[in-house]
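If you read the protein sequences in the order shown, they are chains A and B.
Residues in the first sequence are numbered from 59 upward in steps of one, following my numbering.
Residues in the second sequence are numbered from 59 upward in steps of one, following my numbering.
Ideal Cβ placement from N, Cα and C applies to all residues, glycine included.
A quick note: this is a predicted structure, and the numbers were derived from the prediction, not measured.
Reading through the structure tokens given below for one structure.
Protein chains: 2
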Amino acid sequence: MLLLEITTSLDGFVAGPNPSAEEPLGQGGELLHEWVIATEAWREAHGMEGGEGGVDDQIVRERIARAGATIMGRRMFSGGEGGWAGDPRANGWWGDEPPFHHPVFVLTHHPREPLELRGTTFTFVGDGIDSALEQAVAIGGGAEVAQQYLRAGLVDELELHVAPLLLGGGTRLFEGHLGDLPQPLERTRVLVSESTGATHLTYRLRS
Amino acid sequence: MLLLEITTSLDGFVAGPNPSAEEPLGQGGELLHEWVIATEAWREAHGMEGGEGGVDDQIVRERIARAGATIMGRRMFSGGEGGWAGDPRANGWWGDEPPFHHPVFVLTHHPREPLELRGTTFTFVGDGIDSALEQAVAIGGGAEVAQQYLRAGLVDELELHVAPLLLGGGTRLFEGHLGDLPQPLERTRVLVSESTGATHLTYRLRS
Numbered sequence: 059m060l061l062l063e064i065t066t067s068l069d070g071f072v073a074g075p076n077p078s079a080e081e082p083l084g085q086g087g088e089l090l091h092e093w094v095i096a097t098e099a100w101r102e103a104h105g106m107e108g109g110e111g112g113v114d115d116q117i118v119r120e121r122i123a124r125a126g127a128t129i130m131g132r133r134m135f136s137g138g139e140g141g142w143a144g145d146p147r148a149n150g151w152w153g154d155e156p157p158f159h160h161p162v163f164v165l166t167h168h169p170r171e172p173l174e175l176r177g178t179t180f181t182f183v184g185d186g187i188d189s190a191l192e193q194a195v196a197i198g199g200g201a202e203v204a205q206q207y208l209r210a211g212l213v214d215e216l217e218l219h220v221a222p223l224l225l226g227g228g229t230r231l232f233e234g235h236l237g238d239l240p241q242p243l244e245r246t247r248v249l250v251s252e253s254t255g256a257t258h259l260t261y262r263l264r265s
Numbered sequence: 059m060l061l062l063e064i065t066t067s068l069d070g071f072v073a074g075p076n077p078s079a080e081e082p083l084g085q086g087g088e089l090l091h092e093w094v095i096a097t098e099a100w101r102e103a104h105g106m107e108g109g110e111g112g113v114d115d116q117i118v119r120e121r122i123a124r125a126g127a128t129i130m131g132r133r134m135f136s137g138g139e140g141g142w143a144g145d146p147r148a149n150g151w152w153g154d155e156p157p158f159h160h161p162v163f164v165l166t167h168h169p170r171e172p173l174e175l176r177g178t179t180f181t182f183v184g185d186g187i188d189s190a191l192e193q194a195v196a197i198g199g200g201a202e203v204a205q206q207y208l209r210a211g212l213v214d215e216l217e218l219h220v221a222p223l224l225l226g227g228g229t230r231l232f233e234g235h236l237g238d239l240p241q242p243l244e245r246t247r248v249l250v251s252e253s254t255g256a257t258h259l260t261y262r263l264r265s
């Protein structure tokens, strides 16, 4: 059961234009994730109090409870282009205590020793998407990794969190060829957050 | 009050790839509109009996009741590239009785005399989007016309009908620069069709 779960702007971008060291998610890209950061579950996972309940919180709790492991790309691991240059201490992006608390598989052309950080072990996988799939459950992103699995027809479930936002540019989730198309999908759930305006759409891609 | 109301695939396409005379909406493009064609309201407007009630039907009824006029591009009027070549009889796309029954403004570089077809008058507007806006209410499409109004910041309300479908290519609704961005939006409504899997998302773009 492979789950692709990602936040997109209404115009289809999962990161804004012109990413930089200061704005690794591009201009406006951080706005995408406001719905997550507002939740009680996210704050809990980061050792903070407070936060909102409701639909967004439910979604984040599900994600934490459900995923036995996460797959992500090298750039998502390192926090933007050139962020991590082989130095295991340069893990400024996810902090000293990453929020996963389960195995994370990082797809990379430069495998290295696993990195353990307070309950989260990052394992670096160099031999393609299949070997990561034998072990992992949720695709963390970014867009290129998501597209790799979509193209290979390996995604069972697609959950899109549509943030109430136009970014106007940046990295698209859906770009290039994605396999056998057109593909009708079965929509299995819609959850609507009144507080943040995020809309959570889930589709089954494989039966 | 200018309303942009359009059906998109989950991956952001309002028409499929490789449009042709046989498939003016591109490969798979007709699947986008299955939710409309299934409704009682659409069938009524086309002089047919039967059809589905429910959320999709509600949306189509609203559209018919609400729009005092429609704006569309030349290609949407003519049914694809090169469909209408100046011959007022070659209106095979919308048929002898177009479903609008209110004024339709067609943006074109080649204005011609208005065309009246059983309750729908097509007026051809050559002098830009402002003059059409003085008169019209709903933007019918296609994507280029929609983008023109989005870019000009003239759209008050955006209603996206998200069809449960991946097209993988074709014409994107959101392409190129769209004005001041990032732009947070106020989501004003979500309607969920259980029968067709379409999700109807409405956002306010201007207050």
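Reference residue i; option with closest CA among the options
i, options, result
"D114 (chain A)", "A:G70, A:V164, A:H104 and A:H91", "A:H91"
"V94 (chain B)", "B:L224, B:T254, B:R262 and B:G234", "B:T254"
"T246 (chain B)", "A:V213, A:S251, A:H168 and A:R209", "A:S251"
"A256 (chain B)", "B:I129, B:T65 and B:G105", "B:T65"
"T181 (chain A)", "A:H160, A:V203 and A:G226", "A:H160"
"R176 (chain A)", "A:F71, A:R230 and A:G105", "A:G105"
"Q241 (chain B)", "A:G234, A:G87 and A:R119", "A:G87"
"L269 (chain A)", "A:G153, A:A127, A:L173 and A:R170", "Coverage of chain A is limited to positions 59 through 265, which leaves residue 269 (chain A) absent and any answer about it impossible."
"E244 (chain B)", "B:H219, B:F232 and B:D214", "B:D214"
"H219 (chain A)", "A:Q116, A:E107, A:P82 and A:P157", "A:Q116"
"T179 (chain A)", "A:L231, A:G112, A:F163 and A:L249", "A:F163"
"W18 (chain B)", "B:A103, B:Q85 and B:L239", "Outside the shown range of chain B (59 to 265) lies residue 18 (chain B), about which nothing can therefore be said."
"F158 (chain A)", "A:V183, A:L239 and A:A196", "A:A196"
Cβ-heavy atom distance, residue i to the ligand MN, below 7 Å
i, result
"L60 (chain B)", "Inclusion of the ligand MN in the displayed structure is not the case, the ligand content being empty and no account of it being possible."
Integer Cβ distance of residue i from residue j, believed to fall under 8 Å
i, j, result
"Y261 (chain B)", "L216 (chain B)", "5 Å"
"M130 (chain A)", "G228 (chain A)", "With a Cβ gap of about 18 Å, M130 (chain A) and G228 (chain A) do not count as contacting."
"G226 (chain A)", "Q205 (chain A)", "Incorrect: roughly 21 Å between the Cβ atoms, too far for contact."
"G74 (chain B)", "L83 (chain B)", "6 Å"
"F232 (chain B)", "D69 (chain A)", "4 Å"
"L263 (chain A)", "V248 (chain A)", "Going by Cβ atoms, the distance from L263 (chain A) to V248 (chain A) rounds to 16 Å, so no, they are not a contact pair."
"V203 (chain A)", "L165 (chain A)", "6 Å"
Burial state of residue i, where buried means 16 or more other Cβ atoms lie within 10 Å
i, result
"A125 (chain B)", "buried"
"F71 (chain B)", "buried"
"A221 (chain A)", "buried"
"S67 (chain A)", "buried"
"P77 (chain B)", "buried"
"H167 (chain B)", "exposed"
"A123 (chain B)", "exposed"
"A79 (chain A)", "exposed"
"G200 (chain A)", "buried"
"P172 (chain B)", "exposed"
"P156 (chain B)", "buried"
"R121 (chain B)", "buried"
Does the region 84-99 of chain A come within contact of the region 127-136 of chain A, defined as at least 3 CB pairs closer than 8 Å? no
Sufficient close CB pairs (3 or more, under 8 Å) joining the region 203-217 of chain B to the region 168-187 of chain B: yes
Which whole runs of the beta strand (DSSP E) in the region 68-142 of chain B are 3 residues long or more, in chain order? 71-73 and 128-131
Restricting to runs no shorter than 4 residues, where is the alpha helix (DSSP H) found entirely within the region 145-229 of chain B? 187-191 and 201-209
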